[in-house]
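Asks: Heads up: the protein sequence lines correspond to chains A and B, in order.
Here this note's numbering = 1-based position in the first sequence + 7.
Here this note's numbering = 1-based position in the second sequence + 89.
Backbone N, C-alpha and C define an ideal beta-carbon position, used for all residues, glycine too.
From a predicted model like this one, the values you see are computed outputs, not experimental measurements.
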Amino acid sequence: MPNVNAVQMLISRDPQETIVAPSIGSGIAVVIYDPQVPAGGILHFLFPDSTAMDRENAERYPYAYADTGLSLFLEQAYACGMQKRNLRIVLAGGAQTVDPPTFLNFGKRNLEAATKILNEQDLIITGSEVGGHATRTIRLKIGDGTISLDTRGQGARSL
Amino acid sequence: MIDLKSMIAQIDFLTPMPRVVNQVMELADDPDSSLADVAEVIQYDPVITANMLKTCNSAYFGLPRVINSIHDATMLLGLDQIVELFIFRCAFENLNQPQEGYDLKEGELLKQSVASALVSKSIAEILQPPNKHLIFTAALLKDIGKVVMARYVADSFDQIDSMVQNQRLSFIEAEKQVLGLDHAEIGGLIAKRWGFSPLMTDIIRNHHLIDAAARDDQPTAIVYMADHICMLLGLCTGADGMAYQFYDEILERLQLTEEMVNTVMVAYLANRPKVEALMNLS
Chain A
8 MPNVNAVQML ISRDPQETIV APSIGSGIAV VIYDPQVPAG GILHFLFPDS TAMDRENAER
68 YPYAYADTGL SLFLEQAYAC GMQKRNLRIV LAGGAQTVDP PTFLNFGKRN LEAATKILNE
128 QDLIITGSEV GGHATRTIRL KIGDGTISLD TRGQGARSL
Chain B
90 MIDLKSMIAQ IDFLTPMPRV VNQVMELADD PDSSLADVAE VIQYDPVITA NMLKTCNSAY
150 FGLPRVINSI HDATMLLGLD QIVELFIFRC AFENLNQPQE GYDLKEGELL KQSVASALVS
210 KSIAEILQPP NKHLIFTAAL LKDIGKVVMA RYVADSFDQI DSMVQNQRLS FIEAEKQVLG
270 LDHAEIGGLI AKRWGFSPLM TDIIRNHHLI DAAARDDQPT AIVYMADHIC MLLGLCTGAD
330 GMAYQFYDEI LERLQLTEEM VNTVMVAYLA NRPKVEALMN LS
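1) Measuring straight from C-alpha to C-alpha, what distance separates Asp119(B) and Ile124(A)?
2) Quick one: is Ala273(B) near chain A, going by C-beta distance under 7 Å?
3) Can you give, in chain order, each stretch of the alpha helix (DSSP H) that sits fully within the segment 320–363 of chain B and has at least 4 residues?
4) Where does Pro381(B) sit, in a helix, a strand or coil, going by DSSP?
5) Less than 8 Å between C-beta atoms, sequence neighbours within five positions excluded: which residues of the same chain meet that for Lys281(B)?
6) May I have a chain-ordered list of the beta strand (DSSP E) segments no shorter than 3 residues that lie completely inside the segment 59–136 of chain A?
7) Under 7 Å, CB to CB, which of the residues in the segment 171–197 of chain B have a partner in chain A?
8) For Ala359(B) and Ser155(A), what's the separation of their Cα atoms in angstroms?
9) Taking only three categories from DSSP, how would you classify Arg108(B)?
10) What whole-angstrom Cβ distance do Ala180(B) and Ala315(B) have, given they're in contact under 8 Å?
11) Is it buried or exposed for Ser135(A), if we count other Cβ within 10 angstroms and need 16 for buried?
12) Measure the beta-carbon distance from Val37(A) to Ile49(A) and round it to whole angstroms, keeping in mind my assumption that it falls under 8 Å.
13) Could you please tell me which residues of the segment 73–98 of chain A, in chain order, have their CB closer than 7 Å to any CB of chain B?
14) How close, in whole Å, do the beta carbons of Tyr241(B) and Leu216(B) come, if the pair is a contact with beta carbons under 8 Å?
15) Here's the rule I'm using: 16 or more other beta-carbon atoms within 10 Å means buried, otherwise exposed. How should Phe102(B) be labelled?
16) Which residues in chain A sit within 7 Å of Ala332(B), going by Cβ to Cβ distance?
17) If we cut at 7 Å on Cβ distances, does Thr352(B) have a partner in chain A?
18) Are there 16 or more other CB atoms within 10 angstroms of the CB of Tyr333(B), so buried, or fewer, so exposed?
19) Report yes if the C-beta distance between Val353(B) and Ile318(B) is below 7 Å; otherwise report no.
20) Who are the neighbours of Asp337(B) on chain A, taking C-beta pairs under 9 Å?
21) List the residues that DSSP assigns as beta-bridge partners of Thr144(B).
22) Which runs of the alpha helix (DSSP H), 4 residues or longer, sit entirely within the segment 252–320 of chain B?
23) Compute the distance between the beta-carbons of His272(B) and Lys231(B), then report whether it is under 7 Å.
24) Could you tell me which residues DSSP pairs with Phe52(A) in its beta bridges?
25) Quick one: what's Ala46(A) bridged to in DSSP?
26) Name the chain B residues whose beta carbon is nearer than 9 Å to that of Arg159(A)?
27) Return the chain-ordered ranges of every beta strand (DSSP E) run that is complete within the segment 134–162 of chain A and spans a minimum of 3 residues.
28) CA-CA distance, Val44(A) and Met16(A)?
29) Give the residues of chain B in contact with Tyr68(A), contact being defined as C-beta atoms less than 9 Å apart.
30) If you draw a straight line from the alpha carbon of Lys311(B) to that of Ala213(B), how long is it in whole angstroms?
31) Out of Ala163(A), Thr153(A), Gly162(A) and Thr158(A), point me to the one whose CA is closest to Glu24(A)'s CA.
32) Please state the DSSP three-state secondary structure of Val14(A).
33) Give me the Cα-Cα distance between Glu341(B) and Phe110(A), rounded to the nearest whole angstrom.
34) Using a Cβ-Cβ cutoff of less than 8 Å, which residues in the same chain neighbour Phe335(B) once the five nearest sequence positions on both sides are dropped?
35) Alpha helix (DSSP H) containing Glu197(B): first to last residue?
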């Protein structure tokens, strides 16, 4: 079962495969799936905007940021045969502390960034499980597109 | 309400820390001491020495020859790595156990603690405080209180969780209200029982900065910031998750910018394979 850790992404066309993104905190896991291929993938980014960060880090870890990460992720998804009109898109993560800070509130800002970028590209978010304080793990079965979410302290459920 | 005396008595069931810990910490942060001084103290503890040599000779370090003494190890690895390895081995037995109340499986609390220590080290590299080994050690041991609290939290989890969800309390505030003590306070009592320095004891007891006076203490603020960064990274994977308070003022007091925080987070991610390897060889 291949893992997608923070600042990584993975796309698969192997129907036997289940992709797992563990330990999603304030970052966001963007899950995409095209049932027609079938193929799918997960991107796990941590920060909303690469342009506000150190350039060397931004170039070294493009999947760390909503803007550069989503752009590359979608580019590779289309190259793998997935089509925009077929995509199911699910977001998970964006956890926050109690009384979130005005600064460093990555959970909220990451969610806003992902939503804005996907909207700009006319991509519809078909499901989400975001906010709160809990760490999450999300799984995508490439064979049938089943997405399951495990929230620490609350157990697992399908999305 | 829980019988606090019986809870505190559980401290005696922890694996005790080696007696040499305080000496090693003092020497490590003393600019006038040498590598040989540190090695000299460590080697008086045979269990820790044996465990450290085992780890030194593993593929993780990839050293060019077999190491048979702490003196040889210090020469090859240098002070920082020897002290970090020493503290890791000291904390291993207690932190590696599963902690049911916090929904942490075997090895998870240890891994979180190592991550927190490494992140605090990165922050210390930016801020250059005089006592970086003390900060590393306090970050590694800050959640030692969870080892005692876990079974009490398990018994009262629904009540604690309900307070977090419905009353907007942090997990640690809810712990205190339901159980009478929180994991940081128990951690402070453990540190005191183990004879740690007052500075170390205070950092562990105040690592969530509930006491506003502790926010002015730079080492405590660094350990707190490291904990928060681990939460942002999704590394604090227990049932308490991110249900803690973040105080904006800490960034200003430490003079940390968002870009610096980003650099620290990315530095941890670059070290992630090393952390995994360290966990696996244990």
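Replies: Let me lay it out:
1) Within the second sequence, residue 119(B) is the residue found at index 30, counting from 1. Within the first sequence, residue 124(A) is the residue found at index 117, counting from 1. Near 52 Å, if we compare the C-alpha coordinates of Ile124(A) and Asp119(B).
2) Residue numbering aside, residue 273(B) sits at position 184 when the second sequence is read from its first letter. False, the Cβ-Cβ gap to chain A never drops below 7 Å.
3) 338–343
4) Any property of residue 381(B) remains undetermined from this structure, which presents chain B solely from 90 to 371.
5) Indexing the second sequence from 1 puts residue 281(B) at position 192. Around Lys281(B): Thr290.
6) Taken in chain order, the unbroken stretches of beta strand (DSSP E) that lie wholly in the segment 59–136 of chain A and span 3 residues or more are 95–100.
7) Asp192
8) Indexing the second sequence from 1 puts residue 359(B) at position 270. Indexing the first sequence from 1 puts residue 155(A) at position 148. Cα to Cα, the separation comes out at about 29 Å.
9) The residue labelled residue 108(B) in the question sits at position 19 within the second sequence. Looking at Arg108(B) - three-state DSSP - the assignment turns out to be coil, as it is neither helix nor strand.
10) The residue you call residue 180(B) lines up with position 91 of the second sequence. The residue you call residue 315(B) lines up with position 226 of the second sequence. Not confirmed; about 15 Å, so no contact.
11) On the first sequence, position 128 is the one that residue 135(A) refers to. Per the 10 Å Cβ criterion, buried.
12) If you number the first sequence from 1, residue 37(A) lands on position 30. If you number the first sequence from 1, residue 49(A) lands on position 42. Sure, about 7 Å apart at Cβ, within 8 Å.
13) none
14) As a position in the second sequence, residue 241(B) is number 152, starting the count at 1. As a position in the second sequence, residue 216(B) is number 127, starting the count at 1. With 8 Å as the limit, Tyr241(B) and Leu216(B) do not qualify as a contact, their Cβ atoms being about 36 Å apart.
15) As a first step, residue 102(B) is located in the second sequence; it is residue number 13 there, counting from the start. It counts as exposed.
16) In the second sequence, residue 332(B) corresponds to position 243, counting from 1. Simply Val105 and His140.
17) Here the question's residue 352(B) lines up with position 263 in the second sequence. At least one beta carbon of chain A lies nearer than 7 Å to the beta carbon of Thr352(B).
18) Counted from its first residue, the second sequence places residue 333(B) at position 244. By the neighbour-count rule (16 or more Cβ atoms within 10 Å), Tyr333(B) is buried.
19) The residue given as residue 353(B) occupies position 264 in the second sequence. The residue given as residue 318(B) occupies position 229 in the second sequence. Against a cut-off of 7 Å, the Cβ pair of Ile318(B) and Val353(B) comes out as a contact.
20) In the second sequence, residue 337(B) corresponds to position 248, counting from 1. Within chain A, the residues near Asp337(B) are Pro108, Thr109, Phe110 and Leu111.
21) As a working note, residue 144(B) is residue 55 in the second sequence. Paired residues: none, contrary to the question.
22) With a minimum length of 4 residues, the continuous alpha helix (DSSP H) runs that stay inside the segment 252–320 of chain B are 260–268, 272–282 and 287–294.
23) Within the second sequence, the letter at position 183 stands for residue 272(B). Within the second sequence, the letter at position 142 stands for residue 231(B). For His272(B) and Lys231(B), no; Cβs fall outside 7 Å.
24) Position 45 of the first sequence holds residue 52(A). Under DSSP, Phe52(A) shares a beta bridge with Ile35(A).
25) As a working mapping, residue 46(A) is identified with position 39 in the first sequence. According to DSSP, which records beta bridges pairwise, Ala46(A) is partnered with Asp41(A).
26) Indexing the first sequence from 1 puts residue 159(A) at position 152. Those are Asp192, Thr326, Gly327, Ala328, Asp329 and Gly330, listed as they occur along chain B.
27) 134–137, 143–148 and 154–158
28) Walking along the first sequence from the start, residue 44(A) turns up at place 37. Walking along the first sequence from the start, residue 16(A) turns up at place 9. Distance between the alpha carbons of Val44(A) and Met16(A): 19 Å.
29) Mapped onto the first sequence, residue 68(A) falls at position 61. Neighbours of Tyr68(A) on chain B, chain order: Val355, Leu358 and Ala359.
30) Walking along the second sequence from the start, residue 311(B) turns up at place 222. Walking along the second sequence from the start, residue 213(B) turns up at place 124. The sequence as given places Ile at residue 311(B); Lys does not occur at that position. Distance between the alpha carbons of Ile311(B) and Ala213(B): 7 Å.
31) For the purposes of this step, residue 24(A) is taken as residue 17 along the first sequence, with counting starting at 1. The shortest C-alpha separation from Glu24(A) is found at Thr153(A).
32) Here residue 14(A) is taken as the residue at index 7 of the first sequence, counted from 1. It is coil, neither helix nor strand.
33) Counting from one through the second sequence, the residue named residue 341(B) turns up at place 252. Counting from one through the first sequence, the residue named residue 110(A) turns up at place 103. One C-alpha to the other measures close to 11 Å.
34) On the second sequence, position 246 is the one that residue 335(B) refers to. So the list reads His317, once near-sequence residues are dropped.
35) Taking the second sequence and counting its residues from 1, the one referred to as residue 197(B) is at position 108. Its alpha helix (DSSP H) spans residues Glu197 to Leu216.
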